[in-house]
Amino acid sequence: MKLKYTTPIEWAEQAVEDIDSFLQDHADAERKVANMCLSLIAKYPNRTEIIDELIQISVEELLHFKQVYELIRYRGHQLNGVFQKDPYIKGLMSIVRSDSDELFMDRLIIASIAELRGSERFKLIGDVVKDEKISKFYLNLHKQELDHIDSFIKMAKIYFDNETVNERTEIILQREAEVSSSLPWRSAIH
Ligand SMILES: [Fe+2]
Ligand SMILES: [Fe+2]
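Residue numbers (our numbering): 149 to 338.
So this is what it looks like as structure tokens:
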């Protein structure tokens, strides 16, 4: 899978100018992905083939949350309790379909594409941020998130045929490119 919009390096240069705000937003994002996996289990308890994997990803995302929280403290701060709205996820969710099966497929595809975008941007942050400890963390995280991209697509393909999933992925990738390229830059992952 390939993104249809490439984030320019200038995005990262601007984002790291306020690395503390970036970390706050990122901690929030990791916690939300962990929650999302758990809520998929709660909403679709009969999809037993994917429960173990969703639990596993949730654990990994929660670990990322812990690691970002540690970086926040390393920088001398605490979680600030400010939860910014995420116009990116809102933009992507605006095209989900309402039929229960289709919604399930769309959620998994969106999860996969969001991992891909996250991974792309973590690499850029790792490349430009001056602090060595933070840089190392992001370059490593970039690689770890790559595994999740395939995981979510594979889950979708357990329940829907390849072609259907691939066609829908193309449509959502297109939408994702429109959303990512049009959002104003801020010190946040999206
Ligand atoms: Fe993560
Ligand atoms: Fe992830």
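Every residue gets a Cβ at the ideal spot worked out from N, C-alpha and C, and that includes glycine.
In this structure, the beta-carbon distance from lysine 152 to leucine 331 does not fall below 8 Å. When the beta-carbon positions are compared, phenylalanine 270 and histidine 296 stay at least 8 Å from each other.
For ligand 2, a non-hydrogen atom lies closer than 7 Å to the CB of glutamate 263. Relative to the non-hydrogen atoms of ligand 2, the Cβ of valine 216 never comes closer than 7 Å to any of them.
Three or more Cβ pairs closer than 8 Å define a contact, and the stretch 192-205 falls short of that threshold against the stretch 153-170. Contact check for arginine 255 against leucine 210 fails: the beta carbons are separated by 8 Å or more.
Below 8 Å, enough C-beta pairs join the stretch 167-181 and the stretch 199-219 to call them touching: three or more. Of the candidates Glu280, Glu311, Asn314, Glu280 places its Cα closest to the Cα of valine 164. Distances between the C-beta of histidine 290 and the heavy atoms of ligand 1 are all 7 Å or more. Assignment of valine 164 by DSSP, reduced to helix, strand and coil, places it in the helix class. Excluding residues up to 5 positions away in sequence, Leu171 lie with their Cβ nearer than 6 Å to the Cβ of isoleucine 220 in the same chain. Remark: three or more beta-carbon pairs, one from each stretch, lie closer than 8 Å, so the stretch 258-274 and the stretch 314-328 are flagged as touching. The Cβ atoms of arginine 265 and serine 328 lie closer than 8 Å to each other.
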